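If you're matching them up, the sequences are chains D and L in order.
So that you can map any letter, position 133 of the first sequence is 133 in our numbering, and since no number is skipped, the others follow by simple counting.
So that you can map any letter, position 70 of the second sequence is 228 in our numbering, and since no number is skipped, the others follow by simple counting.
Glycine residues also receive a C-beta, built at the ideal position from the N, C-alpha and C atoms.
Small disclaimer: the values here were computed from a predicted structure and weren't measured.
Number of protein chains: 2
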Amino acid sequence: MEKADRMAHQDDSISLLKQKGLNPTPHRVMVLGILGNSPSPLSPQEIFATLQRFHPMNRVTLYRILEVLVAHGLVERIQSGDKAYRYGLNAQSPHAEHPHFYCSHCGGIQCVHAEGIHVQVEDIQKTFPGLIQKMEIRLDGICKNCLRNHKQKKTGNA
Amino acid sequence: MEKADRMAHQDDSISLLKQKGLNPTPHRVMVLGILGNSPSPLSPQEIFATLQRFHPMNRVTLYRILEVLVAHGLVERIQSGDKAYRYGLNAQSPHAEHPHFYCSHCGGIQCVHAEGIHVQVEDIQKTFPGLIQKMEIRLDGICKNCLRNHKQKKTGNA
DNA sequence: ACCTTTATGCAATTCAGTTGCATTATGGTG
DNA sequence: CACCATAATGCAACTGAATTGCATAAAGGT
Numbered sequence: 001m002e003k004a005d006r007m008a009h010q011d012d013s014i015s016l017l018k019q020k021g022l023n024p025t026p027h028r029v030m031v032l033g034i035l036g037n038s039p040s041p042l043s044p045q046e047i048f049a050t051l052q053r054f055h056p057m058n059r060v061t062l063y064r065i066l067e068v069l070v071a072h073g074l075v076e077r078i079q080s081g082d083k084a085y086r087y088g089l090n091a092q093s094p095h096a097e098h099p100h101f102y103c104s105h106c107g108g109i110q111c112v113h114a115e116g117i118h119v120q121v122e123d124i125q126k127t128f129p130g131l132i133q134k135m136e137i138r139l140d141g142i143c144k145n146c147l148r149n150h151k152q153k154k155t156g157n158a
Numbered sequence: 159m160e161k162a163d164r165m166a167h168q169d170d171s172i173s174l175l176k177q178k179g180l181n182p183t184p185h186r187v188m189v190l191g192i193l194g195n196s197p198s199p200l201s202p203q204e205i206f207a208t209l210q211r212f213h214p215m216n217r218v219t220l221y222r223i224l225e226v227l228v229a230h231g232l233v234e235r236i237q238s239g240d241k242a243y244r245y246g247l248n249a250q251s252p253h254a255e256h257p258h259f260y261c262s263h264c265g266g267i268q269c270v271h272a273e274g275i276h277v278q279v280e281d282i283q284k285t286f287p288g289l290i291q292k293m294e295i296r297l298d299g300i301c302k303n304c305l306r307n308h309k310q311k312k313t314g315n316a
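Structure representation (structure tokens):
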């Protein structure tokens, strides 16, 4: 990646943080930058590993930064399908509700952009006594890559 | 609950286990019975606590039994919204896809039976390169009870 | 510079879940 | 019945993610 691009991304992160009244510390900028550069949500471990390469930081600090970013709406947190959260940038535009696909083989997560998914939360809310704040649709299965790699080996039952 | 009911449930559990070729051990029958009596999915901790009252067993044994039950399709495992799984009986009839509601305040889970939820997995599958095996819709929010308790605090009503 | 607040680091802890291995049923065969 | 094989359970120790408490460093305001 060109240096100018990185700088631009950094500026983006900085202004995002400032918009939310958050101190744009180097650590926060880095975390936000990593999330912004990723096409899919990342686990804290993945973020942590990426950080180690250029900008090592304490695990706890990462958790706390993610916590702050989520609390201020800069980052979305979704169920991963195993036992951990994944983090990704919140779209600035009204966040289009889309399913996430979780590969039970490699543990990877993908965003699924599909028409035909129109769940009317409002309709549910009409009859549901609690307060619905968020909806998450998760698809479980085997991703394209694992499917391909698996086809030859796959023999017999599991 | 009447003794006859309990016995009937026990018989149910036993025959379910036998149907799947599983040894209907007392522990397994107990776990299945607890799940069958619960209107909503339970965490291993909740199941464990219930077991302690009449039928104490080792944590590990519970985990292993749940594992076996899930593997044989007797029990469904869903994401809880915090970090743990919840377990519930699989409906014998073709399991109607329904959302689960997760209360971020008390951590409770409820099944939501709502019309107006018609996600066409088949439509997604047409354009999605991976293999979709399962879909989960999770609603997050505040449940009726927590909502009420929360209002009471705010308004001072008792 | 001084002090307060904020951000980060480090060590220790929690908690769910898992693994390895010993022990106890259970079932089948001679 | 004795004997062995297997399945089921228990116990202890371990893992890995996440959290907490407290110490230290950095940033901001007067």
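The continuous alpha helix (DSSP H) containing L:Lys-284 extends over residues 279 to 285.
Beta-bridge partners of L:Gln-268 (DSSP): L:Phe-259. Per DSSP, the continuous alpha helix (DSSP H) segment holding D:Gly-36 begins and ends at 26 to 37.
The C-beta of D:Cys-106 has fewer than 16 other C-beta atoms within 10 Å across all chains shown, which makes the residue exposed. Interface criterion not met: the Cβ of D:Cys-106 is under 8 Å from no Cβ in chain L. Proximity of chain D to L:Cys-301 at the Cβ level (cut-off 9 Å) is accounted for by Pro-129, Gly-130 and Leu-131, in chain order. As the crow flies, the alpha-carbon of D:Asn-149 is around 27 Å from that of D:Pro-44. In this structure, D:Thr-61 keeps its C-beta atom at 8 Å or more from the C-beta atom of D:His-100.
Of all residues in the stretch 186 to 207 of chain L, none has a C-beta nearer than 7 Å to a C-beta of chain D. Contact check for D:Leu-32 and D:Leu-66: beta-carbon distance about 10 Å, past the 8 Å limit, so the pair fails to qualify. Remark: C-beta atoms of D:Ile-137 and D:Tyr-87 do not approach each other more closely than 8 Å. Contact between D:Cys-143 and L:Gly-266 does not hold, since their C-beta atoms are separated by about 32 Å, which reaches or exceeds 8 Å.
Against D:Cys-103, the close residues of chain L are Gly-288, in the order they occur along the chain (beta-carbon pairs closer than 8 Å). Interface residue (Cβ-Cβ distance to chain D less than 8 Å): L:Arg-296 is classified as such. A distance below 8 Å separates the beta carbons of D:Val-70 and D:Arg-77. When the five nearest sequence neighbours on each side are left out, no beta carbon in the same chain lies closer than 6 Å to the beta carbon of D:Pro-39. D:Gln-110 is classed as buried because its beta carbon has at least 16 other beta carbons within 10 Å across all chains shown.
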